[in-house]
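Student:
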Amino acid sequence: MTTASKAPFRAEKLIRFHHCDPAGIVFYPQYFVLFHELLEDWFDRGLGIDYAEFVSRERRGLPTAHIDCDFVAPSKIGDTVEMRLAVRRIGNSSLTLDVLVHAGEELRVTARQVLVLISLEDGSVLPIPPALRRRFALYQQPETPAAGARAERARPSLPRRRP
0 MTTASKAPFR AEKLIRFHHC DPAGIVFYPQ YFVLFHELLE DWFDRGLGID YAEFVSRERR
60 GLPTAHIDCD FVAPSKIGDT VEMRLAVRRI GNSSLTLDVL VHAGEELRVT ARQVLVLISL
120 EDGSVLPIPP ALRRRFALYQ QPETPAAGAR AERARPSLPR RRP
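If you number the sequence shown the way numbering that gives the first Met the number 0 does, the last residue is 162 and the count never jumps.
#1: How long is the line joining the alpha carbons of S123 and D67, rounded to whole angstroms?
#2: Return the chain-ordered list of same chain residues with a C-beta closer than 6 angstroms to the C-beta of R83, the five sequence neighbours on each side being excluded.
#3: Which same chain residues, not among the five before or five after F26, have their C-beta less than 8 angstroms away from its C-beta?
#4: Only counting the same chain, and skipping five residues up and downstream in sequence, which positions put a Cβ closer than 8 angstroms to that of R59?
#5: Have a look at V71 and L106 and give me their C-alpha separation to the nearest angstrom.
#6: Hey, V86 and Q140 are a contact pair by Cβ (cut 8 angstroms); roughly how many whole angstroms apart?
#7: Restricting to runs no shorter than 4 residues, where is the alpha helix (DSSP H) found entirely within the segment 25-95?
#8: How long is the line joining the alpha carbons of A110 and S74, rounded to whole angstroms?
#9: If you check the beta carbons only, do I76 and R15 fall under 8 angstroms apart?
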């Protein structure tokens, strides 16, 4: 049975005062908080899994093992951004996500995040169960832009140092 991809999962977020630095733009570590909020929203609304139950009752977690992020344009207090999440890869115990943040048509942030399924009882790595794997696969979109791809094209070349 083939199921059409639901990717990407989308959620709007209002940029608030607590996300920003004194200049009124998002302080970059706050995006990591927003990424985790997006993950919880995806579980609750996209996957149909109560994230609070996943953590507190099932005692499972998905900590970030690796993240690459490009900050393309600033977001300011009062902006509404659309966050888009797509599954890049499902491993035995890991999940790779592509996250894009837009305000209107303007790309603000790209990220590639690797999460690992663990037991919250002892911190051991767990294999992704088939039922969870199937739900993740609904959001798999192999052709999403890689984090860094846009920035790599736009990155100026630096002059080489002479020995």
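Virtual Cβ for every residue (Gly too), placed ideally from N, Cα, C.
Quantities reported herein were computed from a predicted structural model and do not represent experimental measurements.
Tutor: Here's the rundown:
#1: Each residue's Cα considered, the two are about 24 angstroms apart.
#2: P7, R9, L99
#3: H18, C19, D20
#4: Counting only Cβ-Cβ distances below 8 angstroms, and skipping sequence neighbours, we find F53, L116, I117, S118, L119, L125.
#5: 7 angstroms
#6: Right, the Cβ-Cβ distance comes to about 7 angstroms (below 8 angstroms), so this counts as a contact.
#7: Complete alpha helix (DSSP H) runs here, min 4: 28-40, 50-55.
#8: One Cα belongs to A110, the other to S74, and the distance between them is close to 15 angstroms.
#9: The answer is yes: Cβ separation under 8 angstroms.
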